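These notes concern the structure reproduced below.
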Amino acid sequence: TKLDGTAKGGALFSIARELELPIFYVGVGEQMTDLQEFNANAYLDTLLDPIFE
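Sequential numbering from 30 applies to the sequence shown in the numbering used here.
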């Protein structure tokens with residue numbers, strides 16, 4: 030799953046739920062080194078921080 034750019038990747042959970050697939054890694058850029066292990070807590074913090082600032 031790619032999460033870079035301006036999109037926050039909000040569709041990530043909808044797709045994973047619909048297809049009943051776990052999320053193991055996310056891409057945050059163009060290079061192989063930009064592939065990171067998915068951390069649900071960090072993802073939610075990034076997604077929700079602007080709302081609760």
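Quick reminder that beta carbons are idealized off the backbone N, C-alpha and C, glycines included.
Here the structure is a predicted model, which is why all the values come from computation and not from measurement.
Rounded to a whole number of angstroms, what is the C-alpha to C-alpha distance between residue i and residue j?
i, j, result
"arginine 46", "isoleucine 52", "10 Å"
"phenylalanine 81", "leucine 41", "21 Å"
"glutamate 66", "valine 55", "6 Å"
"glycine 58", "leucine 50", "22 Å"
"threonine 75", "asparagine 68", "11 Å"
If I follow the unbroken alpha helix (DSSP H) through residue i, where does it start and stop?
i, result
"glutamate 47", "40–48"
Can you give me the start and stop residues for the beta strand (DSSP E) that residue i sits inside?
i, result
"glutamine 65", "64–66"
State the DSSP-derived secondary structure class of residue i, mapped to helix, strand or coil.
i, result
"proline 79", "helix"
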